[in-house]
Amino acid sequence: MSDNIQQMKNFGLIPFGGGGIFISVPLAAKLTDPRVWKACMELPNDQGDQIVNECLRAHSTIRTTYDLNLHQMDFHGDASVLDGYYESGRQMLTVHHWRSWYNVDMPALAYVSKACGDEGILMRWLFADDIVLSNGYSVVEYPNGIEIAELAKVEHTWNEPPDLALHRIGPIRERMGKGDKSTYRMLDTEILEGYGVRQTYVRRVERLEKGKDEKGRLRMEAVGEDGVVELIWVF
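Its first residue numbered 13, the sequence shown is counted upward by one per residue in the numbering used here.
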């Protein structure tokens, strides 16, 4: 199921391939019967998930069920497009578009599982002074504080209207302003053989235009200083 209801309006209640489709061995055997396979391959659609959906409806009594841990992530936006999603603390069996519509180094993000198991990936920890770790993704400071009730909601960080995603990932809260949230994003992960996993999170400060130099090139000036947080997970 897509987390963007507009996609469901466009394509219907189909199993979306990006989030993942799981088929049992007996069902796979039935669908690959030469006669069924030939008929399915002749369907007019050229997208695999649509072919699977129509093939199931035409040649079996099986209908898909939806696992809420499979995430299609049909959203667009800037570099922080899915901060709200990845910082939600929700368990994710699959994710999608992470190296096409946006860029998240999922293999590096998942390295921490070597120390804390699969359940530790993207798990959240709330520390003193309203600091939140989304394991493998970010460390966030909330200088003006944040309520537990607000952390239970997904921050709206993508372009599409929030009501298009309420059916799937609600409740959703408004995007926070720059002064309310300071984010250190994971830059690097290293497995320390025989010891643990080291994560490096970096906060890049904003750089503003300060006119041009004598050669006509833009001059940029940093507002504040970059910051680094290093975490070590011991085996």
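The C-beta atom is built at its ideal place from N, Cα and C for all residues, glycine as well. Since the structure is predicted, the reported quantities are computational estimates derived from the model, not experimental observations.
Classify residue i: buried if its beta carbon has 16 or more other beta carbons within 10 angstroms, exposed otherwise.
i	result
A177	buried
E242	exposed
E237	exposed
V124	buried
Y207	exposed
A175	One detail in the question is off: residue 175 reads as Asp in this sequence, not Ala. When all chains shown are included, D175 counts as exposed.
R215	buried
H179	exposed
I244	exposed
N65	buried
N81	exposed
N16	buried
T254	Outside the shown range of the chain, which is 13 to 247, sits residue 254, and nothing can be said about it.
Measure from the alpha carbon of residue i to the alpha carbon of each residue in the options, then state which is nearest.
i	options	result
D200	V116, G223, S36 and E237	V116
I160	M53, P173, R216 and R136	R136
D58	P183, F23, S92 and W170	F23
I63	I26, Y97, E153 and L80	I26
N156	P46, R111, W113 and I143	I143
G191	D45, I181, L121 and V235	V235
R111	S146, V93, T44 and C128	V93
P7	W170, M198, L163 and N171	No answer is possible for residue 7: the residues shown for the chain start at 13 and end at 247.
Return the bridge partner residues of residue i from the DSSP annotation.
i	result
D200	T212
A234	R219
L145	W137 and V151
Check this for me: beta carbons of residue i and residue j, under 9 angstroms apart or not?
i	j	result
T195	S150	yes
D86	Q19	yes
G148	A120	yes
I134	Q103	In the sequence as displayed, the identity of residue 134 is Leu instead of Ile. Taking 9 angstroms as the Cβ cut-off, L134 and Q103 qualify as a contacting pair.
G8	H108	Beyond the ends of the chain as shown, which are 13 and 247, falls residue 8; an answer cannot be given.
H71	L105	no
Which whole runs of the alpha helix (DSSP H) in the region 23-50 are 4 residues long or more, in chain order? Runs found: 37-43.
Taking only runs of the alpha helix (DSSP H) that begin and end inside the region 63-129, which ones reach a length of at least 4 residues, in chain order? Inside the region 63-129, DSSP marks whole alpha helix (DSSP H) runs of 4 or more residues at positions 95-98, 118-122 and 125-128, from first to last along the chain.
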